[in-house]
Every structure is written in C-alpha cells, then in structure tokens.
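Asks:
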Amino acid sequence: MDRNSGLINSKGLYMKKIAMFSILVSIFLVIIKVTVAYFTNSIGVFSEALNNGLDLVTVIATYMAIRISTRPADKDHTYGHGKYENLSAFLEIVIISALSFFIIYKSIQRIIYKNIVLNLNWYVFLILIISIFLNIIRVFYVGRAARKYNSFAFKADFLNYSSDILSSTIVIIGLLMANAGIYIADPVASIIVSIIILTFSLRLSIRIVGNLLDYIPKEVTDKVMGILKEIPEIKSVDKLKIHEVGNIKFINLEICLKGNLYSSQVENIKDKIKNKISSGVPESEIILETKSPTTEDNIEAYVKEIILNQPYVKDIHNNNSRDPWWYFYTNIQDLFPL
1 MDRNSGLINS KGLYMKKIAM FSILVSIFLV IIKVTVAYFT NSIGVFSEAL NNGLDLVTVI
61 ATYMAIRIST RPADKDHTYG HGKYENLSAF LEIVIISALS FFIIYKSIQR IIYKNIVLNL
121 NWYVFLILII SIFLNIIRVF YVGRAARKYN SFAFKADFLN YSSDILSSTI VIIGLLMANA
181 GIYIADPVAS IIVSIIILTF SLRLSIRIVG NLLDYIPKEV TDKVMGILKE IPEIKSVDKL
241 KIHEVGNIKF INLEICLKGN LYSSQVENIK DKIKNKISSG VPESEIILET KSPTTEDNIE
301 AYVKEIILNQ PYVKDIHNNN SRDPWWYFYT NIQDLFPL
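Quick note: the sequence shown, position 204, residue 204 per the UniProt record's numbering, numbers continuous.
Okay, here's the thing in structure tokens:
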C-alpha cells in the first residue's frame with residue numbers, strides 16, 4: 001500500500017482541481033442556458049440546460065467520490081476506498097439515462113401536438129458555441145485524467161461532456177433548420193442526441209457494473225500468466241486472483257518453485273517476479289506466496305543452507321545421501337592457527 005500512497009495523493013489533488021473547474025463551468029452554463037431556454041421556448045436549448053444541471057450534480061458527486069476514494073486503506077477497507085468512485089460513476093449513468101428518456105418523451109409530445117413556437121436570436125447560437133468550446137476543454141482534461149488514472153468516475157464525466165458537445169452541435173443544426181421554417185427539426189434533434197447518450201451510457205454502465213462485481217478482463221489475466229511463464233524458476237501457478245479497486249489491481253499469487261533452492265534464492269526470485277509483473281501491469285499491488293515441492297532435494301538444500309550459515313563453515317563437498325540421513329564433508333576454518 002505504501003508504494004502507491006504518493007500516486008494516490010497526486011491523483012486526488014489533480015482530479016479535485018479538474019472537478020472544481022467542471023463545477024464552475026457547469027454553474028455558468030446552467031445559468032445562461034436556462035435564461036436562453038426561457039426566452040426562446042426551445043426544447044433543444046432546454047434539454048441542454050437540463051443536461052448542464054445534471055453535469056453540476058454529477059460533478060459534485062464525482063468530487064465527493066474522489067475525496068473518499070483517495071483515502072488510504074484502513075481496517076474497515078483493507079483494499080482502499082476506490083469502489084466509491086465506481087459507485088458514483090454508476091449513479092451518474094443512471095441519472096444521465098433517466099434525463100435522456102425524459103427529453104425523448106417531451107420531444108415526442110412536441111412532435112405529436114405540434115405546439116412549437118420558437119423565438120430565436122443570434123445570442124442563442126453564441127451561447128451554444130461557447131458551451132461547445134468550454135466542453136472541449138473539459139473533455140481534454142477529464143479524458144487525460146481518465147486514461148492516466150483509469151478512473152470510472154472521470155470516464156463517466158468524459159462520456160457526459162462528449163455527449164454535451166455532440167448535443168450542442170445537433171441542437172444548433174436543429175435550430176438553424178427551425179429558423180428556416182422546419183420546426184420539427186428542434187425536437188427531432190433532441191431525440192437523436194438522447195439516443196446517442198443512451199447508447200454510450202449502456203456501454204459504460206456494463207464496464208462499471210463489471211468492475212463493481214470484480215470482473216477482470218481476460219487480457220489482464222493472460223498478461224500476468226504470460227509474464228509468469230517467462231520465469232524459468234516457476235514450476236506451476238497454483239492460484240491467481242486479481243481484484244481491482246479504483247485504478248489499483250491487487251494480484252494474489254501462489255506459485256510453486258522448482259526444487260533445490262536456498263531461501264535467499266527464493267527471495268531473489270520473488271523480487272524478480274514482482275518487478276516483472278509491476279512493469280507489465282502498472283499500478284498493481286502483488287501479494288505473493290511461494291512453496292517448493294517436498295522432495296529429498298529440497299530437504300537436502302535446506303540442511304546445506306543451515307550448515308553453510310554456521311560462522312566457521314567454509315564449504316560443503318563430497319556429500320553422499322542415504323535416505324533418510326545425509327553425510328556431509330565440510331571445510332571448517334582454522335580456529336587455532338599454529
């Protein structure tokens with residue numbers, strides 16, 4: 001755990017800064033879009049305002065989740081608090097999906113009853129263009145953080161802000177068509193945006209639920225097994241369990257080593273295994289147990305090591321094994337030089 005404490009602290013600080021920036025952007029966009037939606041009576045702009053209101057709620061939830069998830073492990077959470085971040089992301093996806101269904105419902109109502117009266121002006125398009133620009137900035141920083149720290153909360157935010165860019169673009173097209181007299185384009189644009197958001201939400205929610213249920217992609221397990229197969233001292237892998245919490249993968253290993261190894265050699269092999277896995281699977285914690293087959297060679301090696309650890313023994317030679325006893329000839333340092 002100590003090895004990742006610095007990483008967790010830097011991750012938390014960086015992600016909190018991004019979350020605070022997103023909160024300020026969301027507050028600004030909600031205020032101006034609600035105002036514009038009220039004066040224009042556009043369901044497209046209203047859906048944009050509602051979406052940014054959702055952004056504000058979810059980014060606050062993300063900020064709180066980051067504060068909790070970056071806390072160090074304790075006696076009640078021995079693997080840390082990373083699951084809080086995944087839970088926050090899942091709740092965000094649920095809210096996004098509910099909002100999308102609501103917008104589809106309102107848009108269909110407008111299409112059926114044709115109660116569409118729009119009051120468009122140049123500032124409507126200006127506000128939407130500003131919104132796109134601000135969301136491009138958010139997508140850049142949030143996307144980079146999501147990739148760097150494998151954060152599901154920021155992956156959900158990345159989906160949200162990317163859909164905001166797409167929705168704003170489609171709303172602009174719909175408003176331009178409505179301004180030309182094709183008023184049905186406004187609610188149709190909103191329906192298209194909502195369907196796109198629902199599609200991406202479903203894909204991300206599958207990954208989030210899988211993570212909450214401790215699903216590990218097969219390629220991760222195959223990668224660890226591939227690394228272990230390259231180490232000649234390993235005889236067999238008796239247990240491999242991978243548990244992901246936040247962006248940290250906890251890898252539990254139980255391996256059987258080939259016989260006739262001293263304990264010092266075993267420790268060197270364990271360090272070698274951990275270093276290779278850490279290089280191949282970044283941001284991982286490795287819990288490694290080793291055992292050796294109980295053979296005569298192992299017992300002989302153990303006895304040899306005990307003898308060699310005596311302060312006056314120089315080496316062992318010409319040993320003959322007679323089951324179950326071993327006879328060793330040793331060179332002993334001169335204690336009383338003549």
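Yeah, the Cβ is synthetic: ideal placement off N, Cα and C, and Gly gets one too.
Quick caveat: nothing in here was measured; it's all calculated off a predicted structure.
#1: For the beta strand (DSSP E) that Glu254 lies in, which residues bound it at each end?
#2: Put Val124 into one of helix, strand or coil per three-state DSSP.
#3: May I ask you to verify whether the segment 143-152 touches the segment 27-41, counting CB pairs closer than 8 Å and requiring at least 3?
#4: First and last residue of the beta strand (DSSP E) that includes Ile286?
#5: Do Leu257 and Lys235 have their CB atoms nearer than 8 Å?
#6: Give the range of the alpha helix (DSSP H) segment to which Leu228 is assigned.
#7: So if DSSP puts Leu240 in a beta bridge, which residue, or which two residues, is it bridged to?
#8: Buried or exposed for Lys218, going by 16 or more other Cβ atoms inside 10 Å?
#9: Does the structure place the segment 157-173 close enough to the segment 119-135 that three or more beta carbon pairs sit under 8 Å?
#10: List the residues that DSSP assigns as beta-bridge partners of Ile192.
#11: Under 6 Å Cβ to Cβ from Gly53, same chain only, skipping five residues before and after it: list those, please.
#12: Can you list, in chain order, the residues of its chain whose CB lies under 6 Å from that of Ala89, leaving out five sequence neighbours each side?
#13: Here's a check: name, in chain order, each residue in its chain whose Cβ is nearer than 7 Å to the Cβ of Ser100, leaving out the five neighbours to either side.
#14: Could you give the distance in angstroms between the alpha-carbon of Lys276 and the alpha-carbon of Ser284?
#15: Rounded to whole angstroms, what's the CA-CA distance from Ile173 to Phe250? Just pull it up for me.
#16: Do you know how far the Cα of Glu244 is from the Cα of Leu176?
#17: What residue from Gln265, Asn268, Phe28 and Met20 has the CA that sits closest to Tyr141's CA?
#18: Take Leu166 as the anchor and find which of Ala180, Ala145, Arg144 and Val139 has the nearest alpha-carbon.
#19: Helix, strand or coil: which one does DSSP assign to Ile273?
#20: Ordered along the chain, which non-local residues of its own chain (more than five positions away) have a Cβ less than 7 Å from that of Lys241?
#21: Quick one: grab the DSSP three-state call for Ile184.
#22: Can you give the beta carbon distance from Glu254 to Glu289, rounded, assuming they're within the 8 Å contact cut?
#23: Going by DSSP, which residues form a beta bridge with Ile234?
#24: Do Ser22 and Val59 have their CB atoms nearer than 8 Å?
#25: Please confirm whether any heavy atom of the ligand COA lies closer than 7 Å to the CB of Val224.
#26: How long is the line joining the alpha carbons of Ile216 and Ile111, rounded to whole angstroms?
#27: Is Val281 helix, strand or coil when you go by DSSP?
#28: Kindly indicate which three-state DSSP category Leu213 falls into: helix, strand or coil?
#29: Distance, Cα to Cα, Val171 vs Ile103?
#30: With H, G and I counted as helix, E and B as strand and the rest as coil, what does DSSP make of Ser42?
#31: So, using beta-carbon positions, are Ala49 and Glu92 closer together than 8 Å?
#32: Can you tell me whether Ile269 is buried or exposed? The criterion is at least 16 other CB atoms within 10 Å of its CB, across all chains shown.
Replies: A quick look at the data gives this:
#1: The residue labelled residue 254 in the question sits at position 254 within the sequence shown. Counting along the chain, the beta strand (DSSP E) containing Glu254 begins and ends at Ile248 to Leu257.
#2: Position 124 of the sequence shown, counted from the start, is the residue given in the question as residue 124. The answer is helix: DSSP assigns Val124 an H, G or I state.
#3: no
#4: Here residue 286 refers to the residue found at position 286 of the sequence shown. Unbroken beta strand (DSSP E) run through Ile286: Ser284 to Lys291.
#5: Start at 1 with the first residue of the sequence shown, and residue 257 comes out as number 257. Start at 1 with the first residue of the sequence shown, and residue 235 comes out as number 235. A contact, by the Cβ cut-off of 8 Å.
#6: To locate residue 228, count along the sequence shown from 1; it is residue 228. Its alpha helix (DSSP H) spans residues Lys218 to Lys229.
#7: Locating residue 240 in the sequence shown gives position 240, where the first residue counts as 1. According to DSSP, Leu240 bridges with Leu253.
#8: Translated into positions along the sequence shown, residue 218 becomes position 218. So Lys218 counts as exposed.
#9: yes
#10: In the sequence shown, residue 192 corresponds to position 192, counting from 1. Ile192 pairs with nothing; no bridge assigned.
#11: On the sequence shown, position 53 is the one that residue 53 refers to. These residues qualify, in order along the chain: Val30.
#12: Stepping through the sequence shown from its first residue, residue 89 is reached at position 89. For Ala89, where only same-chain residues beyond five positions count, the Cβ hits under 6 Å are Phe152, Ala153, Ala156 and Ile208.
#13: Position 100 of the sequence shown, counting from 1, holds the residue named residue 100. Counting only Cβ-Cβ distances below 7 Å, and skipping sequence neighbours, we find Ser194, Ile197 and Leu198.
#14: Counted from its first residue, the sequence shown places residue 276 at position 276. Counted from its first residue, the sequence shown places residue 284 at position 284. Spanning the two alpha carbons is a distance of roughly 11 Å.
#15: Sequence index remark: in the sequence shown, residue 173 carries index 173 (1-based). Sequence index remark: in the sequence shown, residue 250 carries index 250 (1-based). One alpha carbon belongs to Ile173, the other to Phe250, and they sit about 48 Å apart.
#16: By one-based count along the sequence shown, residue 176 stands at place 176. By one-based count along the sequence shown, residue 244 stands at place 244. If you take the alpha carbons of Leu176 and Glu244, they lie about 47 Å apart.
#17: For this step, residue 141 is matched to residue 141 along the sequence shown. With distances taken between Cα atoms, Tyr141 lies closest to Met20.
#18: In the sequence shown, residue 166 corresponds to position 166, counting from 1. The candidate whose alpha carbon is nearest that of Leu166 is Val139.
#19: If you number the sequence shown from 1, residue 273 lands on position 273. Looking at Ile273 - three-state DSSP - the assignment turns out to be helix.
#20: Taking the sequence shown and counting its residues from 1, the one referred to as residue 241 is at position 241. Asn252, listed in sequence order.
#21: Sequence index remark: in the sequence shown, residue 184 carries index 184 (1-based). Coil, per DSSP.
#22: Locating residue 254 in the sequence shown gives position 254, where the first residue counts as 1. Locating residue 289 in the sequence shown gives position 289, where the first residue counts as 1. Their Cβ separation, rounded to whole angstroms, is 5 Å, which keeps Glu254 and Glu289 in contact under 8 Å.
#23: The count along the sequence shown starts at 1 and reaches residue 234 at position 234. Note: Ile234 sits in a beta bridge opposite Leu257.
#24: Taking the sequence shown and counting its residues from 1, one reaches residue 22 at position 22. Taking the sequence shown and counting its residues from 1, one reaches residue 59 at position 59. Yes. Within cutoff.
#25: No copy of the ligand COA occurs in the structure displayed, which carries no ligand at all.
#26: Along the sequence shown, read from residue 1 onward, the residue named residue 216 stands at position 216. Along the sequence shown, read from residue 1 onward, the residue named residue 111 stands at position 111. Roughly 45 Å between the two C-alpha positions.
#27: Taking the first residue of the sequence shown as position 1, residue 281 is located at position 281. Coil at Val281, not helix or strand.
#28: Position 213 of the sequence shown, counted from the start, is the residue given in the question as residue 213. Leu213: coil per DSSP, three-state reduction.
#29: As a first step, residue 171 must be located in the sequence shown, where it is residue number 171. As a first step, residue 103 must be located in the sequence shown, where it is residue number 103. So the two alpha carbons sit approximately 13 Å from each other.
#30: For the purposes of this step, residue 42 is identified with residue 42 of the sequence shown, where counting begins at 1. Looking at Ser42 - three-state DSSP - the assignment turns out to be coil, as it is neither helix nor strand.
#31: Translated into the one-based positions of the sequence shown, residue 49 becomes position 49. Translated into the one-based positions of the sequence shown, residue 92 becomes position 92. Going by C-beta atoms, Ala49 is not nearer than 8 Å to Glu92.
#32: Walking along the sequence shown from the start, residue 269 turns up at place 269. The residue is buried, with at least 16 neighbouring Cβ atoms inside 10 Å.
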